[in-house]
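Number of protein chains: 2
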Amino acid sequence: MYRAPVEEIAFTLKHVAGLKPALDAGTFGDLGEDLVDAILAEAGRFATEEIAPLYKIGDEQGAVLSGAAVTTPPGWKALYRRWIDGGWNALSAPEEFGGQALPTMLGVAALEMWNSAAMAFGIGPTLTMGAVEALDKHASPALKAKYLEKLVSGEWMGTMNLTEPQAGSDLNALRARAEPAGDGTYRIFGQKIFITYGEHDFTDNIIHLVLARLPDAPAGTRGLSLFLAPKFLVGDDGALGARNDVFCSGLEHKLGIHASPTCTMIYGDGFEGTVPGAIGWLIGEENKGLACMFTMMNNARLAVGMQGVAVAETATQKALAYANDRRQGKAASYDGDGMAPIVHHPDVQRNLLTMKALTQIARAISYSCAHAIDNARISSGDEATHWQERANLLTPLAKAFATDVGVEVASLGLQVHGGMGFIEETGAAALYRDARIAPIYEGTNGIQAIDLVARKLPLGGGEHVRGYIAELKAVASQVRTSNLQGFGRTADGLDKALDNVCEATRFLQGLLADGRSDEALAGATPYLRLISLAAGGAYLARGALADQSRIALCRFFAENLLGEAGALKERVIGGAESLATASKALISAGTS
Amino acid sequence: MYRAPVEEIAFTLKHVAGLKPALDAGTFGDLGEDLVDAILAEAGRFATEEIAPLYKIGDEQGAVLSGAAVTTPPGWKALYRRWIDGGWNALSAPEEFGGQALPTMLGVAALEMWNSAAMAFGIGPTLTMGAVEALDKHASPALKAKYLEKLVSGEWMGTMNLTEPQAGSDLNALRARAEPAGDGTYRIFGQKIFITYGEHDFTDNIIHLVLARLPDAPAGTRGLSLFLAPKFLVGDDGALGARNDVFCSGLEHKLGIHASPTCTMIYGDGFEGTVPGAIGWLIGEENKGLACMFTMMNNARLAVGMQGVAVAETATQKALAYANDRRQGKAASYDGDGMAPIVHHPDVQRNLLTMKALTQIARAISYSCAHAIDNARISSGDEATHWQERANLLTPLAKAFATDVGVEVASLGLQVHGGMGFIEETGAAALYRDARIAPIYEGTNGIQAIDLVARKLPLGGGEHVRGYIAELKAVASQVRTSNLQGFGRTADGLDKALDNVCEATRFLQGLLADGRSDEALAGATPYLRLISLAAGGAYLARGALADQSRIALCRFFAENLLGEAGALKERVIGGAESLATASKALISAGTS
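Chains A and B supply the protein sequences, listed in that same order. Under the UniProt record's numbering, the first residue of the first sequence carries the number 1, and numbering increases by one thereafter. Under the UniProt record's numbering, the first residue of the second sequence carries the number 1, and numbering increases by one thereafter.
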């Protein structure tokens, strides 16, 4: 069972992702290391002792729909109550509405722990926090006053309603419509699918944020507006009133995260005697819904990245424990009695070290992204621009690389368990199932790679990414000048990988400048993995420079896993033409 | 839904794996291309029309245990009956007992189709065929006379009972025991787990092959004997008699292949009033059970490799169909109305081409292994030795590489479906679940890699593998001298990859010669993937030389996927030391 790796998390925050220098510099006011440690320890305790024990029943029983009501698995509602009573929902929410306004870095670290303990639990509050951010930034004072405090405390939860059957990755195709009622409110009609925690029994009210089109709105995403539609209308005194016409009509039968209800939501069908048309309030300006929604989406992407880190961590712990317990065969390095624990077999070691290294890298990238978000918020001028660009650059890495790592590590973890891994009771298979959604939702990883190449490489006139690579190169130099023997060929490996990143970056920036974006996009996915691996190697090295007990794993990564960078660069630079040529045969007659 | 790719299979058999030259040379007597095509077409029809439609109910309802009886999903028993009535069980079985004695190549091609249509169906007869082979090679004439004909026809099914809770990969630790009854029979006692189709309702009798220890047998695998224990005793007239004391006490709750009953079998507990002790007959000599079992295991490994190919094929078909149907966004290459089918997006194309190329490669390696098995059987002297070594070399590649490909391709296929992929009804998730067992059973892929390095590289004094690489190099030369433009940098890529294989092979052979086997084993898994990718590239090229419409995919593979070879070679050659150093931290106090 999962035990929150509080020390590892604290180390990565402080010594790899930049929290220690920030605390020392007073960046976060009087927030000090002691308080950080105390918060992490308590979050770790909650995740380990309260959430993790409810994982299995959540997976086995799942959320259940009866009529339009969803019941969460036994014990989950009480768990959620204990969780908000602990103040965890408010951790990085604005103080004005009762939040603790702690750094995103801390919020993200805690989020990792909730998701490690049970991803189906961790996902719910993520949506609430997205709603808080969107309302805080874009809503009218009246809406804020009515909803934010209860969303910050967690007394109500929020949702994010984008997807429709014909519109997943492409929001241009959204059809849900909103009609002005003449009294400042709107009536919303349409169907939304894949709505996470769209309906449940955790809270008395659920606050839906919905994208819809006003009459005469322009086609495409420029005609989308964002609305707030609560499950129950809320009086000026905060009391719950009539049931709004938004109902759950179905739950998806999913591969994993069974306890998280994935709902089809019907707006405006006059269900259960309601007046047809879900009553909604505009958030922000008309036809500017997408910008408001992006506030939610960017941070949701980092949050999904944390799910990748989280599942990878749990899978690694589980496999490591099993490998130390299970005995099979003989091993040269084992001189005890009887069969050797399988952790002594080189092939098992390779799997476990790969899992550890990838998990640490995904964590370091994600925390560094949170660090940039924090810095962007508290700085101004050029500095704020710099950190916002950094956050923007790292978000697709955190989302896509970390969630790919989640799948990869969960699969390796299952493999370490041998035949037992395929048996559901062991628990390794459930992680393999849960992990698989994260590369898909909040923008598929393919779309993250396109975002990285098409929108993030050009940041700062192309200079931002070059500056980032230069920072990573400086770490390689530090390794070299450290003269520490244990690093082996780490510095060479890092330099080579970063040279590959430079070359691939220049190449893609050149294609974009020439308007050859299809060729650039053909290399987007390999490029995302390339820069992530190289950055990850540098982060491992930074950690190893701060704590020499970490050198061995860093070296393993550099000498065993970082070599992939060369092949990835070749794909970016030389893969597009053959991809385009071979793809002709993929297209069926009639669809071309 | 799956449609058997009969043409693709026939092409690979004939023009890549060597069937056409063999048929032309009369290697298989009067077997001609027409009959081969007819058999493949009819197998394809059966898989597509009869098996595939029952996949979903098999996955959803699974096999069910009640008392000690297992019921297969609705329709499956009748399906099995139609399948044996078609003669499919007897396809490559010995003629003496009613088999058709067709080449293993054909048997393996048909096996791919059964498994593509429903892996949980395809796995059952694989065990029966293993039992047929073991009995045919090692059993007494009396046992053969009593059991073989009905196992060949499929009227009875066979099983393979090795694993016990404490003994999975390490058969030394087996404890099941067999006591001589004094009348030439034995009484077997013990528990076996993970027994595929150990109990079911397909057939009236089930013939278990069981490894157990005689009293006073030496410890370890040299003390294992193989026994035949039928579910019902069989009279000399072939009539079924008393129930034998071997019972199913539990079914595993598995991640995938739900319709395949995975049984815990209890021998000798006197269940249901039977006389305690399962009555068994010795197969082969006392204490030579492992050698007999290996007859089953080697071919079972190729059969499991086919499951990897099979799932990859189905996943690819499914993703390709979805990508041509689902529309999202705009694409430069699409000038039709409305949103573009997602197959027009370069990132989706990259996934689909990767899936196609990996599937074709895994198929080519596996069929080539079958080709070697066929040639070994029908030739003699040095030639037989050569082909047996080739079969031995390719078996771990077929098993491990193809099943890794199965998981990789099923995961990519799920990704192509976006959010729909995570919904069970879509069917992509089920393939991702099914695929995951194949890298584990019949010897984990880690063990296959160890087998490859420790036992297969030394074949023929180390010459055999070098000869194989030389054959692959000749294909690269043919590509170069063909001067066909469409190949792009294929020849260069192949040469480079094969040079990497050469270097890695020499390096590992050197370590083995120096007795540094732990260092060699650290690189075993990367080496297996390295040689598989390089061989696969050569097989794709061989196919492309025979049919130029295949050049584009071959080039895509060479220019996009084959580059991984360089990194794999580096891992083999330079990865062991850092792996050993970093692994120290994996071992818990108390287990070292």
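All residues carry an ideal CB built from backbone N, CA and C; glycine is no exception. Remember, predicted model here, so these are calculated numbers, not experimental data.
Contact between the segment 284 to 293 of chain A and the segment 264 to 275 of chain A is absent: fewer than three C-beta pairs spanning the two stretches fall below 8 Å. Interface residue (Cβ-Cβ distance to chain A less than 9 Å): aspartate 518 (chain B) is classified as such. Taking 9 Å as the cut-off, the Cβ atoms of arginine 466 (chain B) and threonine 505 (chain B) count as close. When C-beta distances to chain A are compared with 7 Å, the residues of the segment 397 to 427 of chain B below that value are Val407, Ser411, Leu414, Gln415, Gly418, Gly419, Gly421, Phe422, Ile423, Glu424, Glu425, in chain order.
Lysine 192 (chain B): member of the beta strand (DSSP E) spanning 186 to 196, first to last residue. Just so you know, the alpha carbons of isoleucine 447 (chain A) and aspartate 337 (chain A) end up roughly 53 Å apart. Shortest Cα-Cα distance from methionine 306 (chain B) to any of B:Ala400, B:Ala428, B:Gln485 involves B:Ala400. 9 Å or more divides the Cβ of leucine 31 (chain A) from the Cβ of alanine 109 (chain A). Among the residues facing chain B, leucine 457 (chain A) is not included, as its CB has no counterpart in that chain under 9 Å away. Within 7 Å of the CB of threonine 525 (chain B), the CB atoms of chain A belong to Asp347, Arg350, in sequence order along the chain. Residue pairing for leucine 211 (chain A): DSSP places it in a beta bridge opposite A:Leu226.
Among the CB atoms of chain B, none fall inside 9 Å of the CB of glutamine 548 (chain A). Collapsing the DSSP output to three states places leucine 562 (chain A) in coil.
By the rule that beta-carbons nearer than 9 Å mark a contact, glutamate 313 (chain B) does not touch chain A. Under the Cβ distance rule, glycine 575 (chain B) counts among the residues neighbouring chain A, one pair being separated by less than 9 Å. Residue burial annotation: glutamate 471 (chain A) is exposed, with fewer than 16 other C-beta atoms found within 10 angstroms of its C-beta. For glutamine 317 (chain A), the nearest beta carbon of chain B is not closer than 9 Å to its own beta carbon. Using a Cβ-Cβ distance cut-off of 8 Å, the segment 171 to 182 of chain A and the segment 196 to 212 of chain A are in contact, since at least three pairs of beta carbons, one from each stretch, lie closer than that value. Per DSSP, the beta bridge partners of alanine 69 (chain A) are A:Ser66. Contact annotation, alanine 585 (chain A) with alanine 552 (chain B): C-beta distance approximately 7 Å; criterion of less than 8 Å satisfied.
Residues of the segment 242 to 266 of chain B that bring their beta carbon within less than 8 Å of a beta carbon in chain A comprise Glu252, His253, Lys254, Leu255, Gly256, in sequence order. Cβ proximity to chain A below 9 Å picks out Ala430, Tyr432, Arg433, Arg436, Ile437, Pro439, Ile440, Tyr441, Thr444, Asn445, Gly446, Ile447, Ala449, Ile450 from the segment 430 to 462 of chain B. Taking 8 Å as the upper bound for CB-CB distance, histidine 344 (chain A) and alanine 331 (chain A) are in contact here, some 4 Å apart.
Annotation: aspartate 216 (chain A) to alanine 181 (chain A) spans about 15 Å, alpha carbon to alpha carbon. Closest in alpha carbon position to glycine 421 (chain B), among A:Lys254, A:Trp281, A:Glu442, is A:Lys254. Less than 9 Å divides the Cβ of leucine 431 (chain A) from the Cβ of lysine 318 (chain A). Fully enclosed beta strand (DSSP E) runs of no fewer than 3 residues occupy 240 to 243, 246 to 251, 262 to 267, 278 to 283 of the segment 234 to 297 of chain B, in order along the chain.
Contact of proline 341 (chain B) with chain A is assigned, a C-beta pair being separated by under 9 Å. In the three-state scheme derived from DSSP, where H, G and I count as helix and E and B as strand, alanine 167 (chain B) is classed as strand. The segment 388 to 403 of chain B makes contact with the segment 359 to 370 of chain B: 3 or more CB pairs, one atom from each, lie closer than 8 Å.
Around the Cβ of asparagine 483 (chain A), a 10 Å sphere holds fewer than 16 other Cβ atoms; the residue is exposed. Excluding five sequence positions before and after alanine 303 (chain A), the CB atoms of its chain that fall closer than 7 Å to its own CB belong to Leu111, Thr126, given in chain order. In the DSSP assignment, threonine 159 (chain A) falls within the beta strand (DSSP E) that extends over 157 to 161. Spatial neighbours of leucine 143 (chain B) in its own chain (CB-CB distance under 8 Å, excluding positions within 5 residues in sequence) are listed in chain order as Leu135, Leu228, Trp281, Ile283. Between the alpha carbons of serine 532 (chain A) and isoleucine 469 (chain A) lies a gap of roughly 11 Å.
At a cut-off of 9 Å, the C-beta of phenylalanine 194 (chain B) has a neighbouring C-beta in chain A.
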